[in-house]
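A short worksheet on the structure shown next.
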Amino acid sequence: MVKKVFITAIIVFFVVVNLMFTGCAKKQVIKPLQPMAPVTETEMEEPSLRGKDYITVPQLETVYFEYDDATLKTEARDILAKNAKWLKENTEVEIIVEGHCDERGTTDYNLALGDRRAKSIRNYLIRLGIKGNRIATISYGEEKPVDLRNNEAAWAKNRRGELLGRIPPKK
């Protein structure tokens, strides 16, 4: 009996000693990631929306979206690559990206979805090298349909992001 208690005490002692040495591992310090390319705050700011001098620019193509989605499909990214190329060649032009939706959904929901679509386009153009301070966004939700019919073909035309341009006013 004394032998069993003694063996149990030794086992408990070794377990406690083992836990003391292995229980508190050293914390690793994780260094924050460095940004790939520094972007200044002014490059990310949207330009002022004052004035209604944005116009349709034939070289800037419209981007279309799937139902209830703000994800850029391959065709949309290809169109935006062409738009970015033109914007790089015309650096004095500022644009506004208008986010539009079809009539399905509530007004508030469609305004939010239109905003996500416009920002999706803006963010992609920034990744393609266009400065963010040249790209404003606005959502019209379902308020400006291009096709008033009530069918899938019309709704597909209304789920879009339009890019309008302007030469900014002198400051």
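Each residue of the sequence shown is one higher than the one before, starting from 1022 at the first, in our numbering. Where is the CB? At the ideal position from N, CA and C, for every residue including glycine. Since the structure is predicted, the reported quantities are computational estimates derived from the model, not experimental observations.
Is it buried or exposed for residue i, if we count other Cβ within 10 angstroms and need 16 for buried?
{"i": "Thr1029", "result": "exposed"}
{"i": "Asp1090", "result": "exposed"}
{"i": "Asp1123", "result": "buried"}
{"i": "Ile1051", "result": "Residue placement at Ile1051 cannot be trusted, given a pLDDT of 47 that sits under 50; what the coordinates show is reported in the next sentence. When all chains shown are included, Ile1051 counts as exposed."}
{"i": "Glu1163", "result": "buried"}
{"i": "Asn1171", "result": "exposed"}
{"i": "Leu1101", "result": "buried"}
{"i": "Ile1032", "result": "exposed"}
{"i": "Glu999", "result": "Given that the chain is displayed from residue 1022 to residue 1192, the structure contains no residue 999 and the question cannot be resolved."}
{"i": "Thr1095", "result": "exposed"}
Would the beta-carbon of residue i fall within 8 Å of that of residue j?
{"i": "Glu1185", "j": "Thr1077", "result": "Here residue 1185 turns out to be Leu, not Glu, going by the sequence shown. Yes, they are a contact pair."}
{"i": "Phe1086", "j": "Arg1181", "result": "yes"}
{"i": "Ile1156", "j": "Arg1138", "result": "no"}
{"i": "Gly1135", "j": "Ser1160", "result": "yes"}
{"i": "Lys1103", "j": "Glu1119", "result": "no"}
{"i": "Lys1165", "j": "His1121", "result": "yes"}
Across which residues does DSSP place residue i in a beta bridge pair?
{"i": "Val1118", "result": "Thr1158, Leu1184"}
{"i": "Ile1076", "result": "Gly1186"}
Span of the alpha helix (DSSP H) holding residue i?
{"i": "Ile1151", "result": "From DSSP, Ile1151 is part of no alpha helix (DSSP H); its letter is neither H nor E."}
{"i": "Glu1002", "result": "The structure shown does not extend to residue 1002, since the chain spans only 1022 to 1192, so no value can be given for it."}
{"i": "Leu1101", "result": "1095 to 1110"}
{"i": "Lys1222", "result": "Any question about residue 1222 goes unanswered here, given that the chain covers just 1022 to 1192."}
Hey, residue i and residue j are a contact pair by Cβ (cut 8 Å); roughly how many whole angstroms apart?
{"i": "Ile1014", "j": "Leu1108", "result": "Any question about residue 1014 goes unanswered here, given that the chain covers just 1022 to 1192."}
{"i": "Glu1113", "j": "Ile1188", "result": "6 Å"}
{"i": "Asn1179", "j": "Val1167", "result": "6 Å"}
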